[in-house]
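Residue numbers (the working numbering), protein chains in the order written: chain A, 1 to 419; chain B, 1001 to 1383; chain C, 2001 to 2373. Working notes for the structure below.
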Amino acid sequence: MGIINLAPKVLDPIPGGKYVVNAIDYVVNWARANSIWPLTYGTSCCAIEMMSSSMARYDIARFGSEVFRASPRQADLFILAGTITRRMAPAIQMLWEQIPGPKYAIAMGACTISGGPFIYDNYAVVRGAQNLIPVDVFVPGCPPRPEALFHGLLTLREKILKETCRKPWHEGLPKDVSTMDRYREAAKTWAALEEMKDEEMAEARAKFKEEHPDYKSSYKPIRIKKEDFPEVERKPFRRVGLTQLELYQKLTAKFPNITFHTHSEEPVETVLANAPADRPLEVMVEPEDYLAAVEFVKNDPEFKMDFLIDVTAIDYDDHFDLVTQLRSIEVGHKIFLCVQLKKDFSIPEEKRPTSLLASVPTISHLYPAAEIKEREVYDMFGIDFAGHPDQRRIFLDKDFVGYPLRKDFSHPEMIRRPL
Amino acid sequence: MSQPLFSKLPPGFRIQRETNTEEFFINMGPQHPSTHGALRLTLRMDGETIVELVPHFGYIHRGMEKQAESMSYLQYIALSDRQDYLTAIQNNLGVVIALEKGMNVGVPERGEYIRVMLQELGRIASHLVFYGCFGGDLGGQTCLLFGFKEREMIHDILEEVTGSRLTTNFFRPGGSRYDVPDTFIPRVKAFLDHLEGAMRDYERFLSKNIIVLERSIGIGVLTKEDAIAYGCSGPVLRASGVEFDVRRANPYSIYDQFDFDIPVFHNGDCYDRYKIRIAEIHESMKILRQCIDKFPKEGPWRSKEKPVRLPVGRYYSEIETAKGLYATYVVAATTGEKPYRIHTRGPSFPHIAALNKMVQGHKISDLVTIMATLDPVIPEIDR
Amino acid sequence: MFVPSVTNPVGDFVREWVPKLAEFLPASLQSDTLNSVVAFLVNALICVVAVCAVNIGSAPILIYMERKVCAHVQCRLGPMRLGWHGTIQTIADVIKMLFKEVYAPSGADKLMFYMAPLIVLIAPFIVCALIPFSRDLVVADVSMGIPMIIAVNGFGVLGILLGGWSSNNKYSLLGALRSGAQMISYEISFAMILLFVVMISGSTNLMSITLGQEGTIFDWWIFKIPVLGFIAFILFFISSTAEMNRAPFDIAEAEQELTGGYHTEYNGTPFAMFYLAEYIALITNSALATTCFLGGFLPPCIGITAIDNVLNMVPGVVWFFAKVYFMIWCYMMVRWTFVRPRVDQLMDFEWKFLLPVNLVLLVVGAAYITIGG
């Protein structure tokens, strides 16, 4: 690669030449180990701790590493701060390839080591950075403290000091073993070790009993006195605007098909009148009425629902519940319109996971905020929004198969959480 | 007359216009120093002027909502830390309030005070990061370090109370995990006294700097109507002249017992969004001082521990985090320890959706300023 | 016959010794012409080495100084581990950069890509050759010093434009174009202020500009003409900061916007050369400011004979570098204090404020000289 990699070939055969090579090694390694410039890269929580480490309190500059380069071509060190998602993975590999050698990588945080908190039931997270690029140092923690990052940096420094130009720096291919396999191997070894330890302990105990037949332990476990806490009644938060009952009555006057779902036998009015003040009114709207209802509550002077909190959905066996959460900034009350969308079972069963199962008119022309929210619902549930101006996947790649938040979703990379 | 780009516009771009110049596209992110994480923006440029912008999300989509379906309610509190990691302690409260509504448990007075104090400390911490990033993105690297300097003191307090610097995972239905130590109140007091002086310096550093004024006044104006229509909340909405703060509109916890103002500015530009956060730091300090005076020295700090099982129903909570309206929607289809679905509404998502509206016709440098004043946290958008 | 010559005292020393050494050569090779040519070549070599030593030797010191100043402004410590207070940190950086992989991105114009950093380095080196470091320590004592500086300074922008264009990257191109527009605009006010200095000193030779400030501290051009001199100095400070692409006028790099601007695609040694050029330009600009406004190598005499005698005992080089480093410190403090203006605001500032003020300054200065002095 470089001129110094030729040095051993030329100098080693010459008598005394290897001392020169050793000297070159020493100087170059000293320089490389002490001037590690990281790349400005961070995705989530660990990035903030990485930033903290370069700030006044911790000051990564003491080790000469404060020169965070925004361009990968000028960096030496790739600190993988934060979860690596499947969508980000190609970008990370590209960044790694753009860093000129010799280059080093520190995997910071549990997510980059194994997937961390996102290891189970997850379709989006790459379980471990070592599946993408060769990693030199792993720094555990969620997120690791800045001191831990410094320890990682100094460990890397020691590693660099041991390098030699006789065996030049090279890029290794990531191993083909997935993280989970490695984890399972480790778990097996661990279990075997535990078994061995148990056997040894049992032996030792038996031996001790033989030697001291009338030994009695004087050990008494100390119990921390458990504090007794009183039961406290919950006080509902203050309500602003119309009560749930008023809202319900005004809505049903306009749309008689609107219903309120109760879990009790009592009439709706009594339930609503007794509902806690801070529970928003959630009514069921027929799909045909949906657009009209939204338009009505938006423009009606008594409702004035001008603020869209969210549009989300819930997947049940045979239908989706599309929940549109609206709020009035001026008056203060909230109303949740819930539309039951029957799944389209005319689609053959094998095609169902990959096809749109229900359709509903869009409300993005009424609320611009709904545009991205509806894209999210489309992405996650596969609900079609008729008339949506830009219906694309938002969080997942456009070639992603399936709709993750459906209950029957499955993904080859997903690992079920053990019970 | 160059070829119109209409037929070959990439997805997401909508503006149809005739130009005499050659437009080009720039890709910003997912690794870019000023996109605040893994956000990708594609810019349609006419020289240095931005014609249109399309945000691409999902580079840090971690499938939290899918994962939550197989988790218990308590485990989800830990996941909520990792959404908006700058206000982790506030996200905890948002989830916990939804659970409390389902379990119907209350919190004793001391517990409520602990909650409010940690909330406000978290708000100050987040706004200090905003201060740093705002200055830093304008080119003043020194601001970045100044913002983080005082934040470390908050982290010291949080670490003492919760055991963790960033991902606190602290609140539980009925109170919190632990009581606060005796040193908590004196430390907060000392911190407030320190911050008072520090804020004076920091404001002098940026608020009247002529270059900052030139670069932020009249830049990225979001009108009142647009702000509401795009679902903006928090400081971004209030900078546009809408007085909406959940702490005042639907006061959760014991926010109705404190005397504080909701700062409102009316221009909706970058400078107002900056000023409003500085004003909010002062309001938070006001609340904290009142908390210190009224903090109950004795008494239970949490209610009786109960298993976290929610009856069938749908529970909704909303709180005001430093970024804006943070809502949690919990669906329990069966009575048990596991949710059927949990959905989180993060405040940054609508802000980025409104970004296109704000940057049109501005320069690429202004995009950086506007992004900084929106103060987005990408993992909270992507979840 | 024209025989090129280099000024005292090293030049005289070489000229004296080359004929003496030539006597040992065979008689057929001895001639006066050959002697003077050899003497010239030896002198030229010494000059080149001296310029390189001053420039390249100062760059690591400046980088270290920048990192320390930055750290202390930001309540940090800065490099602490290598050597006493991290003094040899930059040496490690330089060695590392030299041994890093070098490659050009695909689609780049390779020749231009690798030539650009060299071109950037030309301008500060030539300017450095014109600066008088002491009473008899100047590489090229040309009579048209100031016009030469104005002419040569444009080279820097050429290198940056080439580098940005040849990288085949939109960020680089944007950075390069910004930098081109900025440097060409600020060149004008930069030249104007130098002309102001020429006008008040009555010479374009840098040595005579310096010697014109002989006397007390109040004879320096910054103080000699009341108020006007100081205004000119401030304007020079601003426009030279913009000339050097340094923060707050670093819109060409603008890490937060363009991830590094024109040098986004550079790595290893070429990047190190850009980095070096930035700091060498810092030295030459500070040296220019020192020469034109702060009395160059002259000691800051205050008019009291006893103190002045002590001050005069210190060699001029020391005074010169003390002033240069003070100027550099000022540049650094400005860099770490201010935020960056937008590109159009920067242009507005130059064309709508700086240039008119400069013109007014020239007129007022001329009036002052005609009427008052």
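Here a beta-carbon is modelled for each residue, glycine too, at the ideal position from N, C-alpha and C.
- Taking the Cα of M2313 of chain C as reference, the smallest distance to any Cα among C:F2349, C:P2299, C:P2117 and C:W2017 is reached at C:P2299.
- For N1209 of chain B, there is no enclosing alpha helix (DSSP H), since its DSSP letter is neither H nor E.
- For the region 251–333 of chain A, the continuous alpha helix (DSSP H) assignments of 4+ residues that do not extend past its boundaries occur at 268–274 and 287–299, in sequence order.
- Contact check for Y316 of chain A against L281 of chain A fails: the beta carbons are separated by 8 Å or more.
- In this structure, H1351 of chain B places its C-beta atom within 8 Å of the C-beta atom of C1232 of chain B.
- Looking at the DSSP output, F2133 of chain C sits in no beta bridge, so it has no partner there.
- By the Cβ rule, the region 1061–1069 of chain B counts as touching the region 394–406 of chain A, because three or more pairs are nearer than 8 Å.
- Three or more beta-carbon pairs separated by less than 8 Å link the region 2330–2345 of chain C to the region 2066–2074 of chain C, which places the two stretches in contact.
- The beta-carbon of Q74 of chain A is placed less than 8 Å from the nearest beta-carbon of chain C.
- By the C-beta criterion, the region 2052–2068 of chain C is judged to be in contact with the region 2271–2288 of chain C, since at least 3 inter-stretch pairs fall below 8 Å.
- If you check the CB distance, R2178 of chain C and A2252 of chain C come in under 8 Å.
- Nearest in C-alpha terms to L326 of chain A, of all of B:H1032, B:A1088, B:I1185 and B:A1229, is B:A1229.
- DSSP places I2371 of chain C within a helical segment (H, G or I) once states are collapsed to three.
- For D1182 of chain B, there are no neighbours in chain A by C-beta distance under 8 Å, as the nearest C-beta there is about 16 Å away.
- Interface criterion met: the Cβ of D2093 of chain C is under 8 Å from a Cβ in chain A.
- Rounded to whole angstroms, the separation of the alpha carbons of I329 of chain A and F307 of chain A is 6 Å.
- If the five residues before and after G2086 of chain C are omitted, its C-beta is found closer than 6 Å to the C-beta atoms of P2079 and M2080, all from its own chain and listed in chain order.
- Residues of chain B with a Cβ closer than 8 Å to the Cβ of C2330 of chain C do not exist, since the nearest Cβ in that chain sits about 16 Å away.
- The beta carbon of P143 of chain A sits closer than 6 Å to those of C45, C46, E49 and G109, all from its chain and outside the five residues before and after it, given in chain order.
- At a cut-off of 8 Å between C-beta atoms, F1024 of chain B counts as an interface residue with respect to chain C.
- Collapsing the DSSP output to three states places C2330 of chain C in a helix.
- Distance check between S1164 of chain B and each of B:V1116, B:E1100, B:L1086 and B:D1182 places B:L1086 closest, using alpha-carbon atoms only.
- Not flagged as an interface residue toward chain B: R2015 of chain C, since no C-beta distance is shorter than 8 Å.
- As summarised for the region 1038–1065 of chain B, the continuous beta strand (DSSP E) elements at least 3 residues long and confined to that stretch are 1040–1046 and 1049–1056, given in chain order.
- Around the beta-carbon of S2028 of chain C, fewer than 16 other beta-carbon atoms lie within 10 Å, marking it exposed.
- The beta carbon of P8 of chain A sits no closer than 8 Å to any beta carbon of chain B.
- The continuous alpha helix (DSSP H) containing G2154 of chain C extends over residues G2145 to S2166.
- Within the region 1138–1168 of chain B, the residues whose Cβ lies closer than 8 Å to some Cβ of chain C are L1138, G1139, G1140, Q1141, T1142, C1143, L1145, F1146 and K1149, listed in chain order.
- Residues of chain B with a Cβ closer than 7 Å to the Cβ of V2069 of chain C do not exist; the shortest Cβ-Cβ separation is about 11 Å.
- Of B:G1299, B:I1262, B:F1258 and B:D1226, the smallest CA-CA separation from E1243 of chain B is found for B:I1262.
- Interface flag for A2247 of chain C against chain B is set, since a Cβ pair is found closer than 8 Å.
- The bridge partners DSSP lists for L77 of chain A are A:P38 and A:Y104.
- Among the residues of chain A, none has a CB under 8 Å from the CB of D1375 of chain B; the nearest is roughly 13 Å distant.
- Classified as exposed, D318 of chain A has fewer than 16 neighbouring CB atoms from the shown chains inside 10 Å of its CB.
- A check of alpha carbon separations from S2166 of chain C across C:R2067, C:Y2262, C:F2271 and C:L2311 identifies C:Y2262 as the nearest.
- Between L80 of chain A and A107 of chain A, the C-beta spacing is below 8 Å.
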